[in-house]
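Participant:
Residue numbers (the numbering used here): 1 to 72.
#1: Just the C-alpha distance for residue 56 and residue 34, rounded to the nearest angstrom, thanks.
#2: Using three-state DSSP, classify residue 18 as helix, strand or coil.
#3: Check this for me: beta carbons of residue 44 and residue 30, under 8 Å apart or not?
#4: With H, G and I counted as helix, E and B as strand and the rest as coil, what does DSSP make of residue 61?
#5: Going by Cα to Cα distance, which pick from 51, 71, 26 is closest to residue 11?
#6: If you draw a straight line from the alpha carbon of residue 18 to that of residue 9, how long is it in whole angstroms?
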């Protein structure tokens, strides 16, 4: 069984650390208020989730074709 703990730890830090999306969310909240910024928050959250899921599926596919990568 593949240990996904390092990947999940990376995803948690990637989502939680300040970056361009988080700075835009902060600016949107300051300019337009909490309730008007909620659709933007949902879009950014779903976008990051989609990218992480596609990344995990791509890595899984790569590792299923070449299991030797697990030994590297």
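All C-beta atoms, glycine included, are put in the ideal place defined by N, C-alpha and C.
Facilitator: With the given structure in hand:
#1: 32 Å
#2: coil
#3: no
#4: helix
#5: 51
#6: 16 Å
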